[in-house]
Every structure is written in C-alpha cells, then in structure tokens.
Amino acid sequence: MTKLIRIALYFVSLIALTGYCASVNMNAQEKDSRGKDFWFTFIPNLHVNNPSTDSLFVYIAAAEPTNGTLRYKGRNGTWQSIQFSISNPAQVFSHKVHWLPYELQGENVSGGQSASNNQVEIPVENVFHVTSDKEVTVYALNQGSTTSDAFLVLPTDALGKDHYVLSYNSDRPGNVFSQNSSTPSEFAIVATEDNTDITIFPSAPTSRIASTAPIITNLNQGESFLVQAEMNIADGSGDMTGTRIQATKPIGLFAGQQRARIPIKNDELTSRDHIVEQIPSVDTWGRTAIVIPFPKPYNATNISQDIYRVLAAYDSTEIMINGIKTTTLSKGGIYQSVLTTPQVISSNKSILIAQYKKTSGSQNSSTTDYNGDPFMMIVPPSDQFQDNYRFVSVQAVNFSNGFLFEQGYEEQWITVVMPNSAVASTKLDGQLIGTFPGFGVTAIPGTNYSYIWLRVIDGVHSVTSDERVGIYVYGYGRANSYGYVGGMSFRSFDFNPPQITGKQDCSGYQGMIYDTVAGDSRIVQVMEEPGTAKNIKSFTYNFTPPQDSVMFKIALQDPFQDGMITVSALDSVQQKTTVQIGVKGFTVSSSYKLAHNDSVQEFSEKTPVGKKICYDITLENYGSFDQVIIPTLKKGTGSSFTIVGPPTLTLKPKQTFTYQICNNTTIEGSYVDSLFIDNACSERAIATFSLTAYVDKELPIVTTKIDSCGTCHVLIIADSGATDGGLMQVLVSTATNVQWQNLAPQTDAVRALSMCVQDVYKDAFYRVIAEDKNGNVTIYSDTIPGFTITSSSSNGSVKKLGGKPIGTLYCDTITLVNSGLYEQVINEVRLSKNTKYSVPRSNFPLKIPPGSTVNVLACYAPTDIIDTLYDIKRDRDTIFLGRNCVSLPFSYEAFGVEDTLIANGKCDVTVKSSIIDLSLKRISQIGIAPHPITHGSMQSQLSFFMNAQSRLSIHIIEPITGKREHLFTLPSAPIGEYDVGMDLQSWSPGSYIMVIESDNEREIIPFLIAD
C-alpha cells in the first residue's frame, strides 16, 4: 500500500453540524506541514517478495523556488548529502535509496537481515534530515513489493514534546513468534536537538524488556530510537497504541505496524500491508472529524469491515458518535469501531482519529486475484477542508522481475465530503459531480454534509467548489492499496516528473526514462533538445506514448572524445524533465601524444648491462569523466620491460599520473616492446621502446665533502655515467674511531655515506669499498686527524695563583704536548669571562709537530685589592686553546693584594709605602663598548667622566710584549663626559690593558679583542 497524506495540525472546537449543539473556535492556531527543517526515519517494513528492488523515497515540494540539502545516514554513521534545487514549484524533488542500510531493523528477519543485529531500544543513527532556504513540504515513502506506505513529514517547528502512539496490533500467525512472518506494532522516535531526555510509558510489553516498565533514554540530535511490541506474550497481538512519550525537547514520532492484517482478531483474513504515519504531538490534536467508509474493492472478501480508531490524550475524554455519547476514555485509551456508514466523531477534549482499510484476502481465496489491502489515514477536521484540489490517482509497479510486469492499481477512487450547499457547485475535472454515472451524492444523516464516491482513471485530476470541501484519494490493486487525504490544498500527487538515468557502456550511453513511482502519470514525449548534441553520432529509442518507461541509446562520433546531448521527457501532467547527458569517451592518452598530434612516443637507447633504465610515461585524462585504465605491454609476461605503477588506475578529469617503464637486463642484446592502455572496451597505443645493452667497464667514483669542524666527511659514491650500470653495493670495511651511516640518496646511480669522528681527541680512519653491477671495484680510504693535544696543566681543576700585587703582571706557563700522528695547529684563544687574564697573541697560530712540546704563557694583571674573606670576589677565568670546533680549557683563580715597599729614610727611619688603589677615584664611569671588541672592527668606543680639570693621556698596552699604542693627550681636559672612538683594526685578537692617566691619577681597564 502506498499513500501520501498531508496532515493538518489543528486544535479546534466542535464544528457546526446540523442536529448538534456546537461552536467553532476560530482563534485556534493552525500549524501546517510546510517548513525549513525536517527530521525523520523509516520504521521497519517486511521485505520478503523482492527486497533487492525495495527502496526508500523522499519527496520535497515547494510553493516557491528554493534550494536545500537532504542528508541521511544509516548503520555506518556516515552522512550522505544531496543538494537540491527547486526552480519550478510545479515540480517535486525526489531521492531514492536502497532500504537496507537506512531503514531501522527490527527483531524479525526482513530481506535477509540478521535478527541478532537488530536496532530495537537502542539509540542509533538511522536518520534523514532536510533543510531548505524557503518553506517546503516533505513526504517519505517506504516502497516494498505488495507492502508499501508513505507519510507526510512534519517540520521541526511543528513538533512537540508530548505524544501518544496511534498504531495497530502486532500480528503473530500461529502460537509462537516467527522471525520470518511475525510483524509487530512499532514506533520510532527522532531527536531534533542534543541532550533530549525521553521517557516512554509503554501500553504493552516491548520486545527487548518484555514488560511495560518505563523506558528512559537520552538522544542527541539525529538519533533514532525504535520500539516494537513483544509478540511472545499471550496471543502475540500486543499494540503500542496509547503509549505515552514525553521529551524535554521537540521530537518526531513515527508509528504503525510492520505489515498489518486488519482487523487482527479475524484469523480468516490473510493478506497484510505496511502502515506508517508521523503522529502529531498532543497540543496539535483537534476535537472533531468526519469518517466516510470506503467502496469495496473488486473481489475482496466480505469477511470483516473497515475500521477507525479514536485516541484520547486526557482522562475523562467523552467520545460522541453522531451526537451520541458512546464512551469515555482515559488518557492513552482508544475507541475502535467498524466503518460501514458515515460518522461524525467529536469530543470534549483533544482526540486523534485514523481510518484503516481492511485486509482483502482470506483463507478462502485460492489466489491473490483480489484488490485492496490495509492502509492507515489520519483524518483532519472538516474546517480544514479547501475549495480546490489538484491531485493524482497514482499508478505504480506492484511487481516486476525484468520479464513480467504487474500494474500496481486497477481501481482508482475519490471520496468528496462537502456541505449540502456546495453540492451544486462541486466539480471533478470541470464536470459537476452529480452528472457522473455510478454512485450519487449521499447525505450524511443528522448533518448538513454529504459525500460521493467517484471512480476515476489514472492521472491528474482536480476538484473545485464554491465552498470548502474535503477529498480522500485512494486506489486498489492486487493485494495492495494506497490512500491519502486532501486535508489541505494539494496541487498534484504526481510529485515526480519523469526520471532520466543511465550508464556508460562500450557503445556509448544506455539510458532509461521512467515515470513509474506511485502516482506517476506516464511519459507522453521524449525529445533531443535542438542544437545540444556535441560529438554525438546517434540518439535512438523506441516509444509509443504513453509509456511508463523508455529505453534509449547514445553513440559517439569520435570514441576518443566525450560527447554531450540534452534529452527531455514530458509526462501526462506536463511535468518536464530536461537532463544534459555527458557521454564518456576514451579520454586518456599520454602527455606526449597530446602535444604531438596523437603520435606514438618512441624511446631508443644504448645502456650498460645491469643498469636499470626507466622511462616516464605521463598519462592524462583530458575528458570530463573518471577513467579506469589498465596499462599493458605488448609482449606481456615475456617482456624484459616492467611497468612500475598500479595495475589498474583511476584518473579523474584533468588528473595526470606518471608510470615508469623499466628495463634491468643482465644480458647483452637488443630489446623492444610497446605500451598500450586498455579501458575494458578498447585500447590505445602509447609508446614503443628499443634498448641495446652492453657491458660496463668504468669504476665507481668517490668524492668527499668535509664539514666546517673537520670532524665529519660526507662521501658521494656515483656510478651514474652514460655507460655505467649502477652500483651493486657499498661496504664500509674499516671504521676506526668513526661512526658512519647511510644518507640520501640511496639509488643504483648514487649513494651517500657520512663518516663522523667519535672521539675528537683521537685520530680516526675509514675505508670504503664500492662495487658496481658489472664487478668494477673502487677502494677509498682516508684519515681524519683528531685534536691530539694533551697538557698536564689541564686536568679539569682550577689552578690557584694566590694573591698578586696590583699594578704587576704575573704569567703562568702552559705546556702543550702533541701525542698524535699529525701536526696540530692551534689558532684559537678564547677567555670565558675576559676579566684580568690574557694569552700573548704573538705566538699564534701555534704549530706543534707530532711528539713535540710547546709552552704558552697565561698572564694575570690585577687592578683591585680583593678582600679574601669574600670568595666570590676573586678573579676567575678559563682560557681555551684549540682549533676549529675543539679546544682544551685552562682555569685560573687569583686576587689582587697591596704592593708594599720598605726602605730606610733619614735619621735611620724605616719608610713603608703601599699601592692600595690604582684608580684614585678621579676618573669615573669608564666603559668600553661593544665588549669584547670584534677583531677588525672600527666601531669600538671608550667612554668616561672627568671629575676635575686635569691633563689627560690614554694609551693601550699588550701585557706580554709590552707593545704600547698612544691614543691621544689633552694638556687640560675640562670636567665632563667623554666618548673616544678607537680604531683597533691592526691589533690581533687577545687580552689588553687600557691606561687612562691624569695629573695625579691612573685608571687601568683590561679588555679583549676577539675573533
């Protein structure tokens, strides 16, 4: 059964009907089915007849042009996204997916599913989501062979938080549950927001917990929660109707029965059908409706009758049938009755009403030669009727196996419900309804309403009236049916314009135009849009209108270029589909062929035996479609050439990929082959190869690069000449005091090694053997001298010189011994602090032959008396002697003391004098910047302050050699701040003393010139 229902959401008072005391609440707010955001899911259907073709459909209709997105995901949790655009409101967007990944799975076996893998009562991600720029209406269809149903999806802004389930009883043929045939009453919840707390109060035991205990769960946006009735209890007819669902945020509720037999209590009835509806929240229910019986389908059994159900949301809900109180319901309670005559149902509180078509087949039916089967239809209130409708009496495929085809619906009906005053103006397709043969207009007793059954044909119809009327549209087919209600104005039920699809094949393109969804009105015209064909040889098809499907073929003019053509199809309600079809050619070639007028590329070369020769072949997809190709060599497995790259390659449009065609022969001779590419339909020649191999007699070449410290060698071993066959191996045969490792590159043509000294204070030696593939050997060896200087003066401890008179110079001897095999050159002298110590620079660079000993002076010139009670004030420094990146440290500690002189004066008096301060505190704020001074710099500057007017003289002294450089003299320097630029370019790196003198003062400032 397939049907589309547009549900009018409402909350109204009793309508004014003749014979009833009622009033209409015109201020009740209505909610419609249009919106911009929709969440929904598909409850389980029973897929048994032809599950491979069963599908889930989504239809989106708009009153104005709009764009939007359809997203959905199933068991794998991955979103699939479809962008849609509705430019013509007369057309409906539709999308179909196979049912298996996305439909919720219940506890029975459906379509080959594993029952143990069910999704009952657990949060899952099977969900569909529609968003749009403008308001749209969304329909969903679960289409199975002889078991189908559709429902209108309510927008998110029309959803609520409090619901009661309206469904139907479970069906358990026999005494025990069968995973193949038992079908439960069921419902599913979809959360529209994160962190939605949900409490379910089951009206019957559920399948997972087998009780009516409350179910509490928490869902995030887009999660679904399926509940099915337990069928192993009592007679297995548990019904979820009346189950209350309360949520903290708006939810969608979808309820029905997997494949229902109606009425369930009659065991003589056999055929079944899937039923489902989205159930509106309690706050949108109404309080009145008119139910009308259905005409009997052809050959349907007379056993039992159609039914309707009334569901209450509140306690003390009084149910009135034709103005007579029939029963009082508690919340979640239902009233069910047979539908044999028109009835007006009203209540003092909100109720939800649905009509159910009964099962048509019985045990007495020897075949399935009968029409009709169950469907469920929410009934809207009469004040939601409209004054005009455009709808479709749908036609669909009930069964097709590729050879046999069965039309879905043989009887098409509508019921029109109208005020008596509207009978004279109500028309079907422009003809007054009273003029149609068959059933006439029938008054509904006790009311001012009438109804009529009208038999119609497949296709588009219209109903118009001067007043508001209601219509119910339905059809019967073999063991199948559909029904939908025109509760609000429908333009057409043929929401689907013709569909054009197809696939590429070796002859070009084979396509299909079809108009076969339930309600489609069939194809009346197929055409090629003039002027749109590009590189098209032919567009052929066989067509006698009207047809529900048309097969066509498109052939290319040039098979190595893509083609393009625009094809249009028109259905019986003038819905047109126009599709631009691209036809895929074999659009892969080499970059060389594309640049050389499709000429095959030729490679010819002479090469040594054992050398691997590779040729790059860049393939390019110059077309508009993905291409899958297989590269092949003409000689196949017997070829001496090999293809380096994937055996099967997919190239996207404009994408390139480079293969290598290689040869690595070990035997002299000539070798030829050709490269082709194949796309499973044809092949293209790409390149030819001709190779002559001969013996290589050249030795590998070794070159060396040394780092700045002289402690690492990088060896480049190459066998890459035009006649070289490449390297076979590179061995390190000796590595004394050397750590070696391979470096990039490591190819047959070139390899690299690093040889680094492990202990820089020892000599190192290495030997490398390089052999090419033709047995040519190169042996390379080298020594890396270490810094083999030792000294008894450097043992890691600090040498303490003790107190030295200020104003004097003390020098210590450092003995250096070369214990290695090579001459050592010391050209680096460095002080860590540059305080009062220095080393004469005149001795450097210092060359020490192997086994020789050399002495070097380290001098100390104190300038201040240091109180030895304060250890931290002593002069400490470390002198580093070495070369490149390695040196030996020599650490010293000393301090300045008074320089005392004792002599005899007149009258034999002993005179004692001491130097206690060299600065005399007259010249202050002395500074040298920058410090240390960089050798060769012209930017050094001396600054100081004169506290009194005096003669001023400045000079520099080299402590060891006594070299003296006079800077300047002022006969009378006034009080003030002085900045003196110094040009010391000619001075070698080392320690020096700056002397500043006045009439009776002297300042001594040590400083350093560094490399």
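According to my numbering, the residues represented by the sequence shown are 973 to 1983, in order.
Note that the Cβ used here is the ideal one computed from N, Cα and C, for glycine as well.
Since this is a predicted model, take the numbers as computed values, not measurements.
Should residue i and residue j be called a contact, given that it needs their Cβ atoms to be closer than 8 Å?
i            : j            : result
residue 1505 : residue 1553 : no
residue 1864 : residue 1809 : yes
residue 1818 : residue 1826 : yes
residue 1669 : residue 1636 : no
residue 1220 : residue 1168 : yes
residue 1066 : residue 1029 : yes
residue 1967 : residue 1927 : yes
residue 1246 : residue 1041 : no
residue 1632 : residue 1587 : yes
residue 1486 : residue 1264 : no
residue 1211 : residue 1276 : no
residue 1687 : residue 1695 : no
residue 1541 : residue 1619 : no
residue 1270 : residue 1343 : yes
residue 1243 : residue 1144 : no
residue 1794 : residue 1759 : no
residue 1096 : residue 1179 : no
residue 1970 : residue 1895 : yes
I believe residue i touches residue j by the beta-carbon criterion, under 8 Å. Please report the beta-carbon distance rounded to the nearest angstrom.
i            : j            : result
residue 1142 : residue 1155 : 7 Å
residue 1903 : residue 1979 : 6 Å
residue 1159 : residue 1139 : 6 Å
residue 1039 : residue 1053 : Residue 1039 to residue 1053, Cβ: 13 Å. No contact.
residue 1441 : residue 1388 : 6 Å
residue 1571 : residue 1590 : That pair is no contact at about 15 Å.
Where do the N-terminal and C-terminal ends of the beta strand (DSSP E) with residue i fall, by residue?
i            : result
residue 1662 : 1655 to 1666
residue 1521 : 1521 to 1528
residue 1227 : 1216 to 1232
residue 945  : Here the chain covers residues 973 to 1983 and nothing more, so residue 945 does not appear.
residue 1071 : Where residue 1071 is concerned, there is no enclosing beta strand (DSSP E), although the alpha helix (DSSP H) it sits in stretches over 1071 to 1074.
residue 1616 : 1613 to 1616
residue 1936 : 1936 to 1945
residue 1857 : Neither: residue 1857 is in no beta strand (DSSP E) and is coded neither H nor E.
residue 1106 : 1099 to 1115
residue 1515 : Per DSSP, residue 1515 belongs to no beta strand (DSSP E) and is neither H nor E.
residue 1543 : 1535 to 1543
residue 1646 : 1641 to 1650
residue 1245 : 1245 to 1250
residue 1132 : 1132 to 1136
residue 1280 : 1279 to 1284
residue 1744 : 1736 to 1744
residue 1051 : Segment: none, residue 1051 is in no beta strand (DSSP E) and carries neither H nor E.
residue 1776 : 1770 to 1777
residue 1499 : 1495 to 1500
residue 1605 : 1599 to 1605
residue 1796 : 1796 to 1798
residue 1712 : 1710 to 1718
Checking the sheet assignment: what are the DSSP bridge partners for residue i?
i            : result
residue 1332 : DSSP output for residue 1332 lists no bridge partner at all.
residue 1685 : 1678, 1727
residue 1258 : 1323
residue 1631 : 1589
residue 1360 : 1436
residue 1158 : 1200, 1228
residue 1290 : 1300
residue 1949 : 1917
residue 1551 : 1539
residue 1012 : 1100
residue 1124 : 1111
residue 1901 : 1913
Is residue i close to the ligand NAP? I mean its beta-carbon at under 7 Å from any heavy atom of the ligand.
i            : result
residue 1419 : This structure does not include the ligand NAP; it has no bound ligands of any sort.
Do the region 1214 to 1232 and the region 1250 to 1259 touch if we need at least three Cβ pairs shorter than 8 Å?
yes
Decide yes or no for the touch test of the region 1598 to 1613 against the region 1632 to 1648: beta carbon pairs closer than 8 Å, at least 3 of them.
Contact check between the region 1598 to 1613 and the region 1632 to 1648: three or more CB pairs, one atom from each, fall below 8 Å, which counts as touching.
Do three or more CB pairs link the region 1569 to 1577 to the region 1657 to 1664 at distances below 8 Å?
yes
Cβ contact check for the region 1289 to 1307 and the region 1328 to 1335: 3 or more pairs under 8 Å
no
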